[in-house]
Ligand SMILES: NC(=O)c1ccc[n+]([C@@H]2O[C@H](COP(=O)([O-])OP(=O)(O)OC[C@H]3O[C@@H](n4cnc5c(N)ncnc54)[C@H](O)[C@@H]3O)[C@@H](O)[C@H]2O)c1
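Numbering (this note's numbering), first residue to last: 594 to 981.
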C-alpha cells in the first residue's frame, strides 16, 4: 500500500467508476476545486410516480409553494426517531454514498473569525426522496463565552418536483445523532469484536457516542471517557449510566485512555492547528481510531503512518486540506466509509492493522434523517405551518 504521500500525490480513480471490492493498492485522490459544484454523474432518476405520490401526500398537509412546515429542536426530537432508527437511516445514507447514488458537493463555508466556520451542506439521496441543505456553524468558544452550544443551525427540505421548500427545522439534534451513528457503524465494520472503547470529549457528541456505541459494538466491557473538564465527564456518566451495561471508566489522561482501548473516538474541537493531544507513541498496531474533529486532536504522525486512512468524504477532506486544516499534508486516503458499509471495500485486512477513519460529517446523512423526521412529524402533526 502506498502511504504518506502528502499534498497532491497519489493515484486517482475516475469519478463514477466503481471501486473494486478486493482490497488493493488503489488509494484514491481526486481533485476538487474550492466552491465547485460537483454532482455525482451516476445518480439515478427517481421514478416520477413515486415523486408524485410523495408530493400528493405532502400537499395533503401543507400548501406547497405557499407554506413550509417548521419544527423547533424539541419538535424534531418529538418526531420520535429512536437510536435504532437513526442507525438504520444513517446506514442507508452511507450505503447510498458508497454506491455513488447521491449528489453532494463538498461543503462550502464562510469564516468570519479565524477559528469558526459556517457550512452550507446540500445533498440529494434519490432512494429516500431526500433533498435539502443544512446550514450549520461551529463556534468552539460558544460554551465558555455565551453558554451556547458549539454547533447550531437549520435544515431545509425541498419538494422534488417543484423545488419549493417544504420544511425548515432545527438541525442540532439531527447532527448530534447522525454523527455518532456514522462513528459506531464504522467502528462495527472495522472492529466488531472490540471489548474496549475510548471517548475523548464528553460534550454533546461524546455523550451520544457512548449511547450509540453499545448498539453496534456488542462485546464492549469497558468504556473509557476523558475530558479536560471533570464536570463534563460526570455529566456524561450521569446521562448514559441508566442505559448502559458496560463499565464506564473516567480516564486519568490522554495516555491512559489511548493505551487502554481497542477503539477510540474524539469529539473535542476543530481548528487548523493539530494539537496532537494523543502522542503517536501511545498508539499501537491493531487499534481503530475514529476522529470526528478532523486533524485537531490526534498526532498527525498517527494518521500518516496508519495502515489505512479511511474518510467519509474524499472531497470534503481535500477541501479542508486546501483550507489549511492539514498543515502537515492530508494522509493518503484508502477509501470512503460508505464504500466499506456498502460492501465494496474491505475495512480491516488483519488484526494488527492500525486504522484511522475520519468522519467529518456528510449532508447525505442529514437529509435522510431529516426527511424521516419530517415524514413522522407531518403524520403526527408535530410542528407548524408557516407562510412562505
Ligand atoms: N464529524 C462530524 O460530523 C461532526 C458533527 C458535529 C460536531 N462535530 C465536532 O465535534 C466536536 C465536538 O462537538 P460537541 O457538539 O460535542 O461540542 P461540545 O462543546 O458539546 O463538547 C466538546 C467537549 O470536548 C471537551 N474538550 C475540549 N478540549 C478537549 C481536549 N483537549 N481533550 C478532551 N476533551 C476536550 C470539552 O470540554 C467539551 O466537553 C466539535 O469539534 C464539532 O465541530 C463533528
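From the three backbone atoms N, C-alpha and C, an ideal C-beta is built for every residue, glycine too.
What you are looking at is a predicted structure, and each value in this text was computed from that prediction instead of being measured.
Relative to ligand 1, residue 785 has its C-beta separated by 7 Å or more from all heavy atoms. For residue 697, no beta strand (DSSP E) segment is defined, and its DSSP state is neither H nor E.
For the set 894, 968 and 978, the Cα lying nearest the Cα of residue 674 is the one of 968. Cα atoms of residue 731 and residue 795: separation of roughly 17 Å, rounded to the nearest angstrom. Burial check for residue 891: the Cβ neighbour count within 10 Å reaches 16 or more, so the residue is buried. The three-state reading of DSSP puts residue 918 in coil, since its state is none of H, G, I, E or B. Note that the C-beta distance between residue 849 and residue 880 is not below 8 Å. Bounds of any beta strand (DSSP E) do not take in residue 873, whose DSSP letter is neither H nor E. Of the residues 812, 847 and 852, the one whose Cα lies closest to the Cα of residue 839 is 812. In this structure the region 672 to 690 lies against the region 769 to 786, because at least three pairs of beta carbons, one per stretch, are closer than 8 Å. In the three-state scheme derived from DSSP, where H, G and I count as helix and E and B as strand, residue 751 is classed as strand. Taking 8 Å as the upper bound for CB-CB distance, residue 816 and residue 790 are in contact here, some 5 Å apart. Between ligand 1 and residue 796, a heavy atom-to-CB distance of less than 7 Å is present. Restricting attention to 889, 699 and 646, the CA atom closest to the CA of residue 955 is found in 699. By the Cβ test, the region 654 to 669 is not in contact with the region 896 to 906, since fewer than three Cβ pairs between them sit closer than 8 Å. Note on residue 981: under 16 other CB atoms within 10 angstroms of its CB, so exposed under the neighbour-count rule. The C-alpha of residue 908 is placed about 22 Å away from the C-alpha of residue 894. Of the residues 739, 976, 946 and 961, the one whose Cα lies closest to the Cα of residue 783 is 946. Placement of the Cβ of residue 799 at a distance of less than 7 Å from at least one heavy atom of ligand 1 is found.
Residue 656 sits in coil when the DSSP states are folded into three classes, being neither helix nor strand. For residue 763, the uninterrupted beta strand (DSSP E) segment begins and ends at 758 to 763. Sorting 843, 801, 837 and 860 by C-alpha distance to the C-alpha of residue 826 places 843 at the top.
About 17 Å separates the beta carbons of residue 725 and residue 711, which is beyond the 8 Å limit, so they are not a contact pair. Within its own chain, the residues whose Cβ lies closer than 6 Å to the Cβ of residue 671, once the five positions on either side in sequence are excluded, are 975, listed in chain order. For residue 856, the pairing in a beta bridge is given by DSSP as 790 and 881.
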